[in-house]
Amino acid sequence: MTTTTIAVIGAGIGGLTAAAALHRRGIDVHVYERGDTLREQGVGMHLGPNGTRLLNRMGLAGQLARHAVRPEALEVRAFHDGSTVARQEMGVAWEERFGAPYLTVHRGDLHRMLASLLPAERVHTGRELTGYEEGAKGVTLRFAGGTVTRASALIGADGLHSLVRRRLAGPERPVYSGNCALRGLVDAAALPDLDPALMYMFAGPVGRVLLYPVRGGRQFTYVVVAPAPEGLDESWTSTAGPADLDATLAGWAPQVRALVGTAREVRRWALYDRAPLERWSTARTTLLGDAAHPMLPHHGQGANQAIEDGVALAICLKEEASGAAGIAAALRRYEATRRPHTTRVQLGSRDGRPTTTQKRNPSMTNNLGNNGSNNNRNVNNRNVKNQAADVAWILANDVEANLNDNNINNNLRNNAA
1094 MTTTTIAVIG AGIGGLTAAA ALHRRGIDVH VYERGDTLRE QGVGMHLGPN GTRLLNRMGL
1154 AGQLARHAVR PEALEVRAFH DGSTVARQEM GVAWEERFGA PYLTVHRGDL HRMLASLLPA
1214 ERVHTGRELT GYEEGAKGVT LRFAGGTVTR ASALIGADGL HSLVRRRLAG PERPVYSGNC
1274 ALRGLVDAAA LPDLDPALMY MFAGPVGRVL LYPVRGGRQF TYVVVAPAPE GLDESWTSTA
1334 GPADLDATLA GWAPQVRALV GTAREVRRWA LYDRAPLERW STARTTLLGD AAHPMLPHHG
1394 QGANQAIEDG VALAICLKEE ASGAAGIAAA LRRYEATRRP HTTRVQLGSR DGRPTTTQKR
1454 NPSMTNNLGN NGSNNNRNVN NRNVKNQAAD VAWILANDVE ANLNDNNINN NLRNNAA
């Protein structure tokens, strides 16, 4: 093949980011989506500064300003009475600290933004990958229904149940966290005691509830995390109902109990991940996003890491020569840049789950469950600030600048030699 054509499997957040970043750099890219329409299921999501700085550079700052929310602060509330026990300022303070805003946004809104960066003819729906073969001249892709196409390289952005990952890594056993999340959307007007300019976490003895604003503050996304026995479907869109919320939130504060009667829908998300892989790539194939590093949601980094992957991959492919040797070198560089970082984020996200937190720091639960004395408020303010410091290295990451710095350093070393 005389030109480099990249095939991206999966039109989720990661796949579209990679495709948009590649297209922006003049690389011939096509996205293949198994669904018949281009849409993103789900509710809200977090965009850390490590993600928003990249999206802003891709031209999405205006759309994010219209549709996302920059929370002013995170308030930690006691589960039994809703009293505030800790507060972490965010908003302007975090934007100044990290050089980009921390935003909350509906997944569907971000998905539409990313799709707008690609010409329609670059995205092919109704294409379910059934197999592929690598050869000396490229990759042959086979789709359900008999369609066959060829590309210079294949990017597996096909999610948690990735066919490309199975081909690269073989069969794997999902790792269950011990917890399940109930989540959905609720109109902000239905929760008049909560400010749609803030994020909230209600911390209970064995679980927690997170609420954060989306759609310009008109709605809240809620996520209720609690222990559950293993055996639930490994899906983040399984159906649940108000009765599940009612049972899980028995005895919780009125602000949280209000979800039972006002939530539009309830989805069940059994929280699984996978052990980190020792390799992502071959000479013409690599992985991205959940296909590469499925992680628990406790740091809010799943989509952000996929966005970083997409931009890093585009930079690496752009800066290497075309042809088989250049593609192989680009994929090696991409994996060497991303795999150590995402492994650290992935394993760190396990430490945020409620069951683990209670074992490691039972005093926090005890403090949150009492009368909220000034002493306990001070302790928990320290705890929430420590937790923010724990993820600062993630939020401060600038994968594009890091790759550019490496280029400069390599050039300096080469010139000195």
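The sequence shown begins at 1094 in the numbering used here and counts up by one.
Note that CB positions come from ideal geometry on N, CA and C, so glycine has one too.
Count the C-beta pairs between the stretch 1275-1283 and the stretch 1236-1251 that are closer than 8 Å, then say yes if the count reaches three, no if not.
no
Nearest residue (CA-CA) to residue 1102, options 1210, 1251, 1167, 1204
1251
CB contact flag (residue 1143, residue 1497, <8 Å)
no
Figure out for me which residue from 1366, 1334, 1297, 1139 has the closest Cα to the Cα of residue 1441.
Closest option to residue 1441, Cα to Cα, is 1366.
Helix, strand or coil for residue 1427? Go by DSSP, reduced to three states.
helix
If contacts are defined as beta-carbon pairs under 8 Å, then residue 1178 and residue 1171 qualify, I think. What distance do you get, rounded to the angstrom?
6 Å
What are the uninterrupted segments assigned as beta strand (DSSP E) that are 3 or more residues long and contained completely in the stretch 1229-1257, given in chain order?
1231-1236, 1241-1244, 1246-1249
State the Cα-Cα distance for the pair residue 1113 and residue 1203, rounded to the nearest angstrom.
The alpha-carbon of residue 1113 is positioned some 13 Å away from that of residue 1203.
Please name the residue or residues paired with residue 1120 in a DSSP beta bridge.
Partner(s): none; residue 1120 has no beta bridge.
With a cut-off of 8 Å, do at least 3 Cβ pairs link the stretch 1383-1399 to the stretch 1119-1133?
Contact fails: fewer than three Cβ-Cβ distances are below 8 Å.
What's the C-alpha gap between residue 1163 and residue 1269?
32 Å
Quick one, which of 1189, 1169, 1293, 1117 has its alpha-carbon nearest residue 1207's?
1117
On the DSSP letters alone, give me the boundaries of the alpha helix (DSSP H) that residue 1336 sits inside.
Per DSSP, the continuous alpha helix (DSSP H) segment holding residue 1336 begins and ends at 1335-1341.
Taking 8 Å as the threshold (C-beta atoms), are residue 1232 and residue 1379 in contact?
no
Should the stretch 1255-1271 be regarded as contacting the stretch 1337-1356, the criterion being three or more beta carbon pairs within less than 8 Å?
no
Would you mind sorting residue 1104 into buried or exposed? The rule is 16 or more other CB atoms within 10 Å of its CB.
buried
With 16 as the cutoff for other CB atoms within 10 Å, does residue 1486 come out buried or exposed?
exposed
What residues are listed by DSSP as bridge partners for residue 1272?
Beta-bridge pairing links residue 1272 to 1320.
Neighbourhood of residue 1291 by C-beta, 8 Å cutoff - its chain only, sequence neighbours within 5 removed:
So the list reads 1164, 1165, 1166, 1167, 1168, 1306, once near-sequence residues are dropped.
Three-way DSSP call (helix, strand, coil) for residue 1289 in this model:
Three-state result, residue 1289: coil.
Looking at the structure shown, is residue 1173 part of a helix, part of a strand, or coil, going by DSSP?
Coil at residue 1173, not helix or strand.
Count the other CB atoms within 10 Å of the CB of residue 1323; is the residue buried (16 or more) or exposed (fewer)?
exposed
Hey, how far is the Cα of residue 1351 from the Cα of residue 1343?
11 Å
With distances taken from CA atoms, which of 1149, 1386, 1276, 1311 is nearest residue 1302?
1276
Please say whether residue 1151 and residue 1109 have beta carbons closer to each other than 8 Å?
No, Cβ-Cβ distance for residue 1109 and residue 1151 is not below 8 Å.
Is the distance from the Cβ of residue 1484 to the Cβ of residue 1404 below 8 Å?
no
Assuming residue 1409 and residue 1426 make a contact with CB atoms under 8 Å, what is their CB distance in whole Å?
5 Å
Beta strand (DSSP E) segments (min. 3 residues) lying fully within the stretch 1355-1402
1360-1366, 1378-1380
Let me know the secondary structure DSSP gives residue 1265 once reduced to three states.
Coil.
Got a sec, what are the start and stop residues for the alpha helix (DSSP H) residue 1103 sits in?
That residue, residue 1103, is in no alpha helix (DSSP H); it is neither H nor E in DSSP.
Would you decide whether residue 1360 is buried or exposed? Buried here means 16 or more other CB atoms lie within 10 Å of its CB.
buried
Residues that DSSP places opposite residue 1306 in a beta bridge
1313
Residue 1443 versus residue 1331 - alpha carbon distance
22 Å
Return helix, strand or coil for residue 1489, following the three-state DSSP convention.
coil
Counting only beta-carbon separations shorter than 8 Å, does residue 1362 have a partner in chain E?
Annotation note: the requested chain E is absent from the structure, which comprises a single protein chain.
Between residue 1462 and the rest of its own chain, which residues show a CB-CB distance below 8 Å, the 5 nearest in sequence each way excluded?
For residue 1462, the predicted model reports a pLDDT of 37, less than 50, meaning its position is unreliable; a value from the coordinates is still stated below. Only 1171, 1172, 1173, 1297, 1298 meet the Cβ criterion.
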